[in-house]
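If you read the protein sequences in the order shown, they are chains G and E. Take 1 as the starting number for the first sequence in the UniProt record's numbering and just add one per residue. Take 1 as the starting number for the second sequence in the UniProt record's numbering and just add one per residue.
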Amino acid sequence: MNLHFELILEIIPYILQGLFITLEFTLLSAILGFVWGVVLALFKISHNKILNGFAVFYTSIFRGLPLILSLTLVYFATPQLFHYDITALEAGVITFTLNSAAYISETIRAGIAAVDRGQREAAIALGIPYRKMMWDIILPQAFKNILPALVNESIALLKDSALVSTIGATDLLRRANIVAAEKYLYFEPLLLVGFIYYILIISLTWVARILERRMRRSD
Amino acid sequence: MIEVHNLWKSFSHLHVLKDVSLSIAQGEVCAIIGPSGSGKSTLLRCLNLLEQPDQGKILIRNQEITSPKMDIQKIRQNIGMVFQHFHLFPHMTVLENMIYAPIHVKNIPKKQAILKAKELLERVNLTNKADSYPARLSGGQRQRVAIARSLAMEPEIMLFDEPTSALDPEMVKEVLEVIRNLAHTGITMVIVTHEMAFAKEVADRICFLDEGQLTENLSPDEFFSKPRTKRARQFLEKML
């Protein structure tokens with residue numbers, strides 16, 4: 001075993017810059033994916049056959065394709081189809097948003113279904129309109145129940161964001177690979193970014209736990 | 001105040017209500033009683049269209065609510081409903097539960113809504129619970145909050161769906177007390193209940209449902225002393 005971390009000391013700042021890119025992809029996709037996921041979940045529980053059918057079909061597509069295939073499709077096919085020179089950031093965020101929304105929508109749908117029917121009836125009996133009932137009464141209760149599942153999804157998203165290295169975005173993983181190729185050192189830079197991913201996910205879990213505790217206030 | 005004309009309702013192949021007609025005057029307290037599965041709750045739930053009847057008409061203050069053109073949300077604001085299992089919003093405090101609908105549905109200023117809510121909490125003897133979450137309350141306290149929450153909308157009609165059936169025996173009294181006081185305020189009430197003594201005492205009229213049919217519609221005195229149908233007699237023998 002001869003590890004030479006001292007050889008990559010000088011390029012640590014370079015790798016750390018990738019952290020911001022990874023976080024940018026993840027954060028944007030998580031937020032947009034969540035919003036789109038809520039919309040899809042509402043489609044799935046609606047009585048409108050068209051919306052319902054669309055959401056179910058949509059989910060089957062993104063569940064049925066490997067993420068890396070969707071990503072390459074969006075990145076390489078968009079310029080051909082729309083003559084728009086899509087950036088890696090755009091392609092990544094669009095793909096991850098669409099993909100994670102498909103998964104999240106199922107989780108949210110289950111969460112909504114698990115909220116006691118009586119909550120809905122009480123809201124209806126009070127004359128509360130559908131939209132307010134959903135946002136203020138049903139969804140807050142649903143989220144409390146599905147928070148652990150949402151955290152899992154965010155973790156998956158953070159790790160899947162490493163796929164953008166395949167379309168040329170210089171995220172954590174890509175930078176580690178560049179350094180590796182330059183210095184003929186693989187173990188050190190890869191171990192370093194592995195450690196960073198790990199710390200990120202541990203922090204995410206920790207934040208989620210605090211959030212969960214705060215939401216349990218009403219129990 | 002409430003008129004029901006030839007109401008029919010079925011769930012798949014089960015006929016729950018068969019040609020029920022009934023009218024309730026303003027300020028009247030009507031108790032709906034009958035065996036389990038006789039359609040009492042369904043009838044009550046039709047009155048604010050939580051269940052959509054298959055046939056028949058319901059008029060509230062001479063407005064036909066079963067007509068497709070009717071803005072049912074507007075009508076529901078005027079009809080309070082209390083459920084067997086309370087259905088308080090668990091993520092809101094008692095006070096938040098009470099002011100949500102007045103603020104968001106009736107657009108009442110928050111300050112005014114809070115004032116009204118506190119006044120109602122005093123009426124149901126729960127002033128000190130305003131900032132508690134429902135999970136911290138006993139069953140009887142939850143049901144009293146649920147009643148106060150409905151009253152916060154200042155409805156003209158109150159529907160009670162077995163309000164004490166899910167309560168421990170020692171808590172039934174405090175809830176009935178609240179309903180009893182309400183009966184004296186001139187609000188129109190329809191109560192589905194298994195508490196015979198309470199129905200006798202509080203109601204102006206007893207409606208007896210049997211297998212989806214309204215077979216008796218009498219004053220409490222008449223109903224409890226000489227019910228007309230055999231089924232009602234049998235039912236009373238079991239209950240009293």
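The beta carbon of each residue, even a glycine, is placed where N, CA and C say it ideally should be.
Where the beta strand (DSSP E) containing residue i begins and where it ends
i                      : result
Q55 of chain E         : 55–60
residue 257 of chain E : The requested residue 257 of chain E is not part of the displayed model; chain E covers only 1 to 240.
M81 of chain E         : 79–82
R205 of chain E        : 205–210
D161 of chain E        : 157–161
T215 of chain E        : 213–218
C-alpha distance - residue i paired with residue j, whole-angstrom precision
i               : j               : result
H47 of chain G  : G53 of chain G  : 10 Å
G80 of chain E  : S150 of chain E : 5 Å
Q141 of chain E : L40 of chain G  : 38 Å
K74 of chain E  : T72 of chain G  : 52 Å
M1 of chain E   : L137 of chain E : 35 Å
V124 of chain E : V190 of chain E : 19 Å
Y67 of chain G  : S154 of chain G : The sequence as given places Leu at residue 67 of chain G; Tyr does not occur at that position. Approximately 15 Å, taken between the alpha carbons.
A203 of chain E : A30 of chain G  : 57 Å
G118 of chain G : P227 of chain E : 35 Å
S132 of chain E : V94 of chain E  : 6 Å
Q77 of chain E  : N107 of chain E : 12 Å
I112 of chain G : Q17 of chain G  : 39 Å
K18 of chain E  : G212 of chain E : 5 Å
E216 of chain E : A166 of chain E : 26 Å
A101 of chain E : P155 of chain E : 12 Å
T97 of chain G  : W8 of chain E   : 48 Å
G33 of chain G  : M133 of chain G : 22 Å
Contact test: residue i Cβ vs the ligand MN heavy atom, cutoff 8 Å
i               : result
A180 of chain G : For the ligand MN, the structure offers nothing, since it holds no ligand at all.
Spatial neighbours of residue i in its chain, beta-carbon cut-off 8 Å, leaving aside the 5 residues before and after
i              : result
Y14 of chain G : R175, V179
V97 of chain E : According to the sequence provided, residue 97 of chain E is Asn. The question's Val does not apply to it. Answer for N97 of chain E: L88, F89, P134, V145, R149, listed in chain order.
V74 of chain G : I86, A91, I94, T95
A7 of chain G  : Note that residue 7 of chain G is Leu in the sequence shown, not Ala. K183, L185, E188.
P79 of chain G : D85, I86
F25 of chain G : L89, G92, V93, F96, S161, V164, A169, D171
Span of the alpha helix (DSSP H) around residue i
i               : result
A135 of chain E : Looking at the DSSP string, A135 of chain E is not in any alpha helix (DSSP H), and its letter there is neither H nor E.
K49 of chain G  : 49–64
S70 of chain G  : 67–72
Residues near residue i in its chain [Cβ-Cβ closer than 6 Å; skip 5 each side]
i               : result
M215 of chain G : K144
A232 of chain E : F208, E216
P220 of chain E : K200, A203, I206
Cut-off 7 Å between Cβ atoms - residues of its own chain near residue i, not counting five sequence neighbours on either side
i              : result
Y58 of chain G : L40, A102
S10 of chain E : V16, D54
*If you measure beta-carbon to beta-carbon, which residues of the stretch 106–122 of chain G are closer than 8 Å to chain E?*
D116, G118, Q119, E121, A122
_Residues, ordered as in the chain, of the stretch 158–172 of chain G that lie near chain E by beta-carbon distance below 7 Å_ = none
*Members of the stretch 103–125 of chain E near chain G, C-beta cut-off 7 Å*: H104, V105
*Would you check if there are 3 or more beta carbon pairs closer than 8 Å linking the stretch 164–171 of chain G to the stretch 116–124 of chain G?*
no
*Between the stretch 197–214 of chain G and the stretch 134–153 of chain G, do at least 3 Cβ pairs fall closer than 8 Å?*
yes
_Interface positions of the stretch 133–156 of chain E facing chain G (Cβ-Cβ less than 7 Å), listed along the chain_ = Y133, A135, M153
_Contact between the stretch 107–122 of chain E and the stretch 64–74 of chain E (3+ Cβ pairs under 8 Å)_ = no
*For the stretch 11–19 of chain E and the stretch 166–176 of chain E, state whether three or more C-beta atom pairs, one from each stretch, are separated by less than 8 Å.*
no
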